[in-house]
Amino acid sequence: MKQILDVQYSSYEETLVDIYLPETSNFTTIVNFHGGGLDHGSKKNATLDLIAKAFTDAGYAFASVEYRKYPNAKYPDYLVDCAKATAFVKKYVQDLGASGEIVIMGQSAGAWISLMLCLNKTFLANEGIDTAEVKGWFIDSAQVTSHFNVLAQERGEHKLAQRIDEYAPLFYVGEDTKFSKMMLILYDNDMVCRYEQNMLFYKAVLAFNPDAKIEYKLISGKHCSYAKQIDENGEPPYVKTFCAWFEE
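With numbering that gives the first Met the number 0 applied, the sequence shown has no gaps in its numbers, which climb one by one up to 247 at the end.
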């Protein structure tokens with residue numbers, strides 16, 4: 000595995016990406032957005048290190064993105080950053096053996112960002128990317144209503160409020176909701192309302208597009224715990240699930 004760390008993809012100090020490359024060529028690139036409620040979290044931690052290695056061992060490149068967060072950001076700065084990062088990474092890896100295929104992945108707040116980029120096509124379009132170019136969306140416990148910290152920071156509302164407005168992926172689900180394929184990772188002991196929100200999202204997408212390639216996997220555990228799990232062979236089942244889903 001080759002590592003290219005702290006590559007600047009935009010003019011802001013925080014906008015860095017770590018890129019992990021496999022030993023093979025013609026690889027698919029995963030662009031990952033970390034969680035942390037839009038006010039903390041990092042592109043580099045023990046869990047992301049673990050899955051980055053597993054992905055490169057499986058023949059994928061893995062790009063872990065840092066983006067602006069509260070209190071140094073406001074809506075939609077983090078969405079703009081992650082759209083820019085996606086376009087940057089796609090171009091950057093082209094000369095390093097990439098196939099040109101990209102998958103977008105996120106955990107928690109990063110999953111919310113991923114869905115917002117998928118469903119509100121403006122952000123990626125502004126960077127020259129059609130969402131149809133993204134070959135898959137791997138969504139780990141996204142808030143599909145308006146993100147709690149966006150409500151708190153932008154409107155002063157309670158973090159437990161359930162809203163569906165321009166800050167909500169659900170707001171953008173409709174007749175034109177099309178994507179290549181999507182996997183939702185859900186938990187039976189998640190944050191309040193998170194499982195129910197995701198099932199509503201799943202059903203809403205299928206209501207408009209019964210042929211949508213969307214599925215979900217229910218994990219026994221707490222919020223975003225799947226990526227931390229290790230099986231009896233010392234490998235993360237998170238990555239195995241991704242590979243089985245993406246390569247089918």
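Heads up, the beta-carbon is just placed ideally off N, CA and C, and yes, glycines get one too.
Checklist entry - On the three-state DSSP scale, how would you describe residue 31? => result strand
Next on the checklist: Three or more C-beta pairs under 8 Å: does that hold for the stretch 176-187 against the stretch 209-219?
Outcome noted: yes
Checklist entry - Given a threshold of 16 other Cβ atoms within 10 Å of its Cβ, counted over all protein chains shown, does residue 93 qualify as buried or as exposed? => result exposed
Item to check | Euclidean distance between Cα positions of residue 97 and residue 107 | outcome: In this structure, the alpha-carbon of residue 97 lies about 27 Å from that of residue 107.
Checklist entry - What is the DSSP secondary structure of residue 48, counted as helix, strand or coil? => result helix
Checklist entry - Where residue 41 and residue 60 are concerned, what is the direct C-alpha to C-alpha distance, given to the nearest angstrom? => result Distance between residue 41 and residue 60, taken at the CA atoms: about 19 Å.
Checklist entry - For residue 17, does the three-state DSSP call read helix, strand or coil? => result Reduced to three states, the DSSP call for residue 17 is strand.
Checklist entry - On the premise that residue 62 lies in contact with residue 30, defined as a C-beta separation below 8 Å, what is that separation, rounded to the nearest angstrom? => result 5 Å
Item to check | Member of 34, 143, 88, 89 whose CA lies at the smallest distance from the CA of residue 192 | outcome: 143
Next on the checklist: Could you pull the DSSP bridge partners for residue 184 from this structure?
Outcome noted: 139, 216
Next on the checklist: For a quick check, are the C-beta atoms of residue 155 and residue 207 less than 8 Å apart?
Outcome noted: no
Checklist entry - Taking Cβ to Cβ, would you say residue 47 is nearer than 8 Å to residue 235? => result No, they are not a contact pair.
Checklist entry - What residue range is occupied by the uninterrupted beta strand (DSSP E) comprising residue 43? => result That residue, residue 43, is in no beta strand (DSSP E); it is neither H nor E in DSSP.
Item to check | Under the three-state DSSP convention, the category residue 6 falls into | outcome: strand
Checklist entry - Taking only runs of the beta strand (DSSP E) that begin and end inside the stretch 153-207, which ones reach a length of at least 3 residues, in chain order? => result 181-188
Checklist entry - If we count the other Cβ atoms within 10 Å of its Cβ and call it buried at 16 or more, is residue 229 buried or exposed? => result exposed
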